[in-house]
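Chains as they are written, first to last, in our numbering: chain A, 223 to 479; chain B, 339 to 560; chain C, 30 to 237.
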């Protein structure tokens, strides 16, 4: 199959990057940098969180789990919105790369969701005595995980990649519209059924160092997301474009290394 | 303009009548699921009364889920869906007709049966009206949202379970407000807010779901 | 009337064909030819607007079919592989529904006459599941007699499972439609008895 020719590659500078062939090397160049930044920020953030930030008056050392829990929860939400954004772009502009980006982001978002739930449970046990509490935030987080799993399951179940991309895009958009509704309804449900005043959102009041720690971890998570998404998108590109000449040459190059 | 809507509605109701055994199965499933709970949680009257509305709602939700595969499967298999997608009328209209016919045939019986089954749980008499109304408002929302899921998973292997995974998180708000309406009424707070939210949700779903569904159908048929 | 420029078709991740151009005027009949799997059905579906091409545009009377969807679909009659027949309904009910769903008036007398003409006069009130394969395909073809007003007919393997007399009748109908100013696009593996040979588009030439 013929590759892009010069006519395709000229034209509006940003739209060039909508071509998988052009984006592939760009992603390859940037991903290792993002990974390095993520590693550095994570080390810094964990250091601040576990050694520099003061011990909490009420919760002791256990509270330090929020340095992982809160950034993971933020990222899980943010990544879903980015996924929905790329899905919308793909449906409107009919660019394959946008769909591939959305699919590359999903597993990372699901991972953050899972980490947020797990660290929430780890925080809950020593603090409140149970591993799980049907608190509004955790419950919404759980439902968000199901939305991610649904997206991944749907896109993996459809063999035709174009149908998979577009169906997943619709699902992501429907999910994005429903996320505020779900959050609101779970909030409502939680306050009405509230027995004990257990809430994992009652983080200790923030000293500046604590905020700094969380910010560092959030930025680390963000850089990590970029790195993994770029790496995943590269393999998606190779897979989708496997019938083209440039991929053939690339695979040979990778094989001979 | 509405000829496709009327034609599809009439045809789907005719087909449901001619294949009515299928339809009764959904209702039977509803009854069976509701009857399972006392075996699981014990037959203590106060406990059953407390969980009654929730059980009825969950059972209605599961029954709706199970019946969704019938919505587009036959038309997809025999080629009618393609012809419908080629009609000059807006797809959202005839999609709404299909969902409406589907709800009349599978959802409405649940709404009618629910107050009777509520007696098995000794739910207070005054609450039966609210229960029925909440289901009458909520089951169409379930049908509309479920239709989008059915369209997305059309023709896939393992479609039924996948459909459930996709659609259940979206069903949670409906369940919360539906079952919550009865509890609020019984708790003296009044169910107006819940029912208004359900009504609003129904209007929103009516406005948006047919478009998402039509888009998903076009993608599935490509 | 119908124009396609630079069409490219993607199936799965493979490109089936690219750079396909075609122009079809009123009164023209086009036969899409090629071996199995080359993309004939995919092309027909792209021309109908059921599938999106990877690249390129289809225009009906100068307007992009995606923009003027309503006008295009009012002018189009597509008969695909599947006969769009529901087993629980009778042929008459199926035909009536097909017309109404397409936005046309369904005159009962004309429907009965059309079904009689394709040889299903005796089976009008039987549920479609008792019909044979050939009879089922013919119910779809009955639409051609009732929807003659639609200018563009796109038919995928219309001659399949028809006996010689039916094939001749169908060929005559298609030619009459073209003579009246309509347009026909079809795929077929059989040698149909057309008086004038149709234009041929051989997909093997643009295949990748």
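Every residue gets a Cβ at the ideal spot worked out from N, C-alpha and C, and that includes glycine. None of these values were measured; they are calculated from a predicted model.
Asked, Found
"Quick check: is the beta carbon of residue 309 of chain A nearer than 7 Å to any beta carbon in chain C?", "no"
"Would you verify that the beta carbon of residue 411 of chain A is, or is not, closer than 7 Å to some beta carbon of chain B?", "yes"
"Give the residues of chain B in contact with residue 315 of chain A, contact being defined as C-beta atoms less than 8 Å apart.", "Result: empty, since nearest Cβ-Cβ is about 15 Å, beyond 8 Å."
"How many angstroms separate the CA atom of residue 419 of chain A from the CA atom of residue 350 of chain A?", "With a pLDDT of only 41 at residue 419 of chain A, under 50, the local geometry of the prediction cannot be trusted, and the value read off the model is given with reservation. Between residue 419 of chain A and residue 350 of chain A, the C-alpha separation is close to 10 Å."
"With burial defined as no fewer than 16 other Cβ atoms inside 10 Å of the residue's Cβ, what is the status of residue 545 of chain B: buried or exposed?", "exposed"
"If you run the structure through DSSP and keep just helix, strand and coil, what is residue 42 of chain C?", "coil"
"With H, G and I counted as helix, E and B as strand and the rest as coil, what does DSSP make of residue 102 of chain C?", "helix"
"So residue 58 of chain C is in the beta strand (DSSP E); what residue range does that whole segment cover?", "58 to 62"
"Quick one: any contact between the region 351 to 364 of chain A and the region 401 to 410 of chain A, if contact means 3 or more CB pairs under 8 Å?", "yes"
"Apply the 10 Å Cβ neighbour rule to residue 138 of chain C and answer buried if 16 or more other Cβ atoms are within range, or exposed otherwise.", "exposed"
"So, helix, strand or coil for residue 94 of chain C, using DSSP?", "coil"
"When DSSP builds the beta bridges, which residues end up paired with residue 437 of chain B?", "Beta-bridge pairing links residue 437 of chain B to no other residue."
"Residues of chain A with a CB under 8 Å from the CB of residue 39 of chain C: which are they?", "384"
"Just the chain B side, please: which residues come within less than 7 Å of residue 80 of chain C by C-beta, in chain order?", "560"
"Residue 416 of chain B CB to nearest chain C CB: under 7 Å?", "yes"
"On the DSSP bridge assignment, give the partners of residue 185 of chain C in chain order.", "C:216"
"Could you please give the first and the last residue of the uninterrupted beta strand (DSSP E) stretch that includes residue 231 of chain C?", "228 to 231"
"Is the Cβ of residue 240 of chain A closer than 7 Å to any Cβ of chain B?", "no"
"Between C:216, C:189 and C:146, which has its C-alpha nearest residue 198 of chain C's C-alpha?", "C:146"
"Any beta carbon from chain C within less than 7 Å of residue 291 of chain A's own beta carbon?", "no"
"If you count every other CB in all the chains shown that lies within 10 Å of the CB of residue 353 of chain A, and 16 or more means buried, which is it?", "exposed"
"Alpha carbon to alpha carbon, how far is residue 529 of chain B from residue 367 of chain B? Give it in angstroms, no decimals.", "28 Å"
"If the cut-off is 7 Å on Cβ atoms, which residues from the region 322 to 337 of chain A count as contacting chain B, listed in chain order?", "none"
"For residue 412 of chain A, collect the residues of the same chain with a Cβ closer than 8 Å to its Cβ; drop the 5 residues on either side in sequence, then sort them by chain order.", "356, 357, 358 and 361"
"Give me, in chain order, the residues of the same chain whose beta-carbon lies closer than 8 Å to that of residue 417 of chain A; leave out the 5 immediate sequence neighbours on both sides.", "Note on residue 417 of chain A: pLDDT 42, under 50, position unreliable in the model; the coordinate value appears next. Nothing listed; no residue qualifies."
"Measuring only between beta-carbons, confirm whether residue 417 of chain A sits less than 7 Å from chain B.", "Confidence in residue 417 of chain A is poor, its pLDDT being 42 and thus under 50, which makes the residue's placement too unreliable to answer from."
"Leaving out five residues before and five after residue 520 of chain B in sequence, what residues of the same chain have Cβ atoms less than 6 Å from its Cβ?", "391, 465, 468 and 469"
"Rounding to the nearest angstrom, what Cα-Cα distance links residue 224 of chain A and residue 285 of chain A in this structure?", "Summary for residue 224 of chain A: the model assigns pLDDT 42, below 50, so the residue's position carries little reliability; its value from the coordinates is reported in the next sentence. So the alpha carbons of these two residues sit roughly 58 Å apart."
"Count the other CB atoms, across all protein chains shown, that sit within 10 Å of the CB of residue 478 of chain A; report buried if there are 16 or more and exposed otherwise.", "exposed"
"Return yes when the Cβ of residue 404 of chain A is within less than 7 Å of the Cβ of residue 554 of chain B, no when it is not.", "no"
"For the structure I just gave you, are there three or more beta carbon pairs, one from the region 289 to 307 of chain A and one from the region 394 to 401 of chain A, closer than 8 Å?", "yes"
"Between the alpha carbons of residue 294 of chain A and residue 344 of chain B, how many angstroms are there, rounded?", "50 Å"
"May I have the straight-line CA-CA distance separating residue 384 of chain A from residue 434 of chain A, to the nearest angstrom?", "43 Å"
"Given a limit of 8 Å on CB to CB distance, which residues of the region 344 to 364 of chain B reach chain C?", "344, 345, 346, 349, 352, 353, 356 and 357"
"Please classify residue 440 of chain B: is it buried, with 16 or more other beta-carbons within 10 angstroms of its beta-carbon, or exposed?", "buried"
"Kindly list, in the order they appear in chain B, the residues whose Cβ is closer than 9 Å to that of residue 140 of chain C.", "What residue 140 of chain C touches in chain B: nothing, since even the nearest Cβ is about 14 Å away."
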